[in-house]
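Below you'll find the structure, written out as structure tokens, and then a few comments.
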Amino acid sequence: MGEKTAAITAVGAYVPDFVLTNKILEGMVETNDEWITTRTGIKERRILKDDTKGTSYLAIEAAKDLLKKSQVDPAEIDLLILATATPDLLVASTGAYVATEIGAVNAFSYDLQAACSSFLYGMSTAASYIESGRYKKVLLIGADKMSSIIDYTDRTTCIIFGDGAGAVLFEPNDEGLGLQDEYLRSDGTGRAFLNMEAGGSLLPATEETVKNKKHFVHQDGRTVFKFAVSNMADVAEKIIEKNKLGHDDVTWLVPHQANKRIIDATAARVGLQEEKVMVNIQKYGNTTSATLPLLLNDYEKQLKKGDNLIFAAFGGGFTWGSIYLKWAYNP
Ligand code: UT7
295 MGEKTAAITA VGAYVPDFVL TNKILEGMVE TNDEWITTRT GIKERRILKD
345 DTKGTSYLAI EAAKDLLKKS QVDPAEIDLL ILATATPDLL VASTGAYVAT
395 EIGAVNAFSY DLQAACSSFL YGMSTAASYI ESGRYKKVLL IGADKMSSII
445 DYTDRTTCII FGDGAGAVLF EPNDEGLGLQ DEYLRSDGTG RAFLNMEAGG
495 SLLPATEETV KNKKHFVHQD GRTVFKFAVS NMADVAEKII EKNKLGHDDV
545 TWLVPHQANK RIIDATAARV GLQEEKVMVN IQKYGNTTSA TLPLLLNDYE
595 KQLKKGDNLI FAAFGGGFTW GSIYLKWAYN P
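Mind the numbering: the sequence shown is residues 295 to 625 in my numbering, read in order.
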């Protein structure tokens with residue numbers, strides 16, 4: 295790490311208007327509000343209903359929200375990283391389109407894909423650019439239109455995911471605030487348990503792949519759940535111990551929102567009370583790359599300069615990890 299630390303200095307978010315409630319899902323697949331609530335903690339999710347809009351729309355709106363709140367001139371942004379598992383197009387960088395649309399005319403941009411850990415890994419990447427002294431303003435956006443890859447006749451996945459986007463700005467800090475430490479992991483044997491089989495180079499689209507519903511997300515829920523519970527808790531515990539933080543030193547746990555039971559298990563393992571755990575899964579479900587910045591946006595008014603935040607995420611690949619960050623500004 296160089297002399298300067300990399301701090302989050304602004305936050306923004308966007309979720310589409312349409313609310314897909316458990317009640318509506320009851321009319322679409324064989325499920326019920328009680329099962330969804332007790333097994334996942336989700337009550338509703340937001341869905342981008344407009345077929346002409348992709349993930350870029352969500353990302354652009356989140357970035358515009360950040361720019362408006364912070365009064366940052368988009369022309370000052372050096373780099374835009376779009377963390378997403380659902381880019382608009384496979385070959386053309388969606389981030390490049392987002393940068394152009396928000397007026398980040400002096401930025402270069404690319405997409406970063408690590409499933410539900412995309413934003414967490416993106417924090418590491420964005421912070422490294424700042425710490426090295428190479429760039430001064432890095433905009434990191436986590437956005438996913440999960441509804442574009444969900445089969446709404448499959449009750450094991452359609453109840454979980456939602457659409458949304460969140461954005462944060464990383465800038466140099468000379469008070470030692472911002473990203474302090476990280477512990478990031480991956481294990482490629484996990485790809486069998488959570489994936490979208492077709493549409494990539496391994497299995498390009500054919501009539502068969504479409505007929506067999508291979509362009510939708512599939513997961514072996516129970517297996518993913520087991521890995522997520524133990525790995526998210528492991529990494530959070532590790533980073534807390536490594537940095538010699540006591541329970542009272544941790545102000546907030548900022549966990550990926552995949553399942554309330556996974557969040558509770560992670561909090562219990564690191565000994566944190568409910569009041570210290572950011573949760574909004576009931577409103578948005580699992581928005582993949584957007585869960586962490588959506589939490590920061592929802593809790594922004596409660597965050598104070600110097601607060602110790604422990605981020606933790608787990609996702610397809612498998613990918614997972616934890617980041618320790620000191621919050622850099624007061625509400
Ligand atoms: O963000 C990326 C990482 N993803 C995750 O972390 C997701 C991890 N997995 C999970 O969150 C959970 O495994 C699920 C929420 C997906 C499923 O919960 P579960 O407690 O693991 O349920 P299960 O798959 O073991 O299924 C239990 C029962 C089954 O019925 P039987 O076989 O016991 O008769 C399912 O068929 O619940 C049934 N079931 C449902 N029932 C009502 C599965 N989905 C539903 C549903 N409504 N939507």
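Glycine is no exception: its CB is placed at the ideal position from the N, C-alpha and C atoms.
Simplified DSSP state of residue i, which is helix, strand or coil
| i | result |
| --- | --- |
| Asn-400 | coil |
| Trp-329 | helix |
| Ile-341 | strand |
| Glu-324 | coil |
| Leu-352 | helix |
| Arg-479 | strand |
| Ala-459 | strand |
| Met-295 | The pLDDT assigned to Met-295 is 47, lower than 50, so where the model puts this residue is not dependable; a value taken from the coordinates is nonetheless given after this. Coil. |
| Asn-580 | strand |
| Gln-631 | Within the shown structure, residues of the chain are numbered from 295 to 625, placing residue 631 beyond reach of any answer. |
| Gly-611 | coil |
| Pro-368 | helix |
| Asp-468 | coil |
| Gly-416 | helix |
| Val-313 | strand |
| Lys-358 | helix |
| Lys-439 | strand |
| Val-644 | Outside the displayed range of the chain (295 to 625) lies residue 644, so it cannot be described from this structure. |
| Lys-570 | helix |
| Asn-591 | helix |
| Asp-405 | strand |
Close-in-space but distant-in-sequence residues of the same chain around residue i (CB under 6 Å, 5 per side omitted)
| i | result |
| --- | --- |
| Ser-387 | Tyr-404, Asp-405 |
| Phe-487 | Asp-514, Thr-517, Val-518 |
| Lys-595 | Pro-625 |
| Ala-300 | Ala-421, Ile-424, Glu-425, Phe-464, Gly-472, Leu-473 |
| Tyr-593 | Met-572 |
| Glu-476 | Ser-418, Ile-617 |
| Arg-479 | Trp-614, Gly-615 |
| Met-490 | Ile-443, Val-511 |
Beta-carbon contacts of residue i that lie in its chain and below 7 Å, excluding the five residues immediately before and after
| i | result |
| --- | --- |
| Thr-450 | Gly-515 |
| Thr-256 | Absent from the structure is residue 256, since the part of the chain shown begins at 295 and ends at 625. |
| His-541 | Gly-565, Leu-566 |
| Met-295 | Its pLDDT being 47, under 50, Met-295 is placed unreliably by the model, and nothing is read from it. |
8 Å Cβ shell around residue i - same chain, five flanking residues per side excluded
| i | result |
| --- | --- |
| Asn-400 | Ala-369, Glu-370, Ile-371, Asp-372 |
Contiguous alpha helix (DSSP H) assignments of at least 4 residues, all confined to the stretch 478-551: If we require 4 residues or more, the alpha helix (DSSP H) runs fully inside the stretch 478-551 come out as 501-505, 515-536.
Evaluate the contact criterion for the stretch 447-460 versus the stretch 580-587: three or more CB pairs, one atom per stretch, below 8 Å. For the pair of segments examined, the stretch 447-460 was found to touch the stretch 580-587: the number of CB pairs separated by less than 8 Å reaches three.
Any contact between the stretch 599-607 and the stretch 528-546? By contact I mean 3 or more CB pairs, one from each, below 8 Å. Yes, since at least three Cβ pairs between the stretch 599-607 and the stretch 528-546 fall closer than 8 Å, the two stretches touch.
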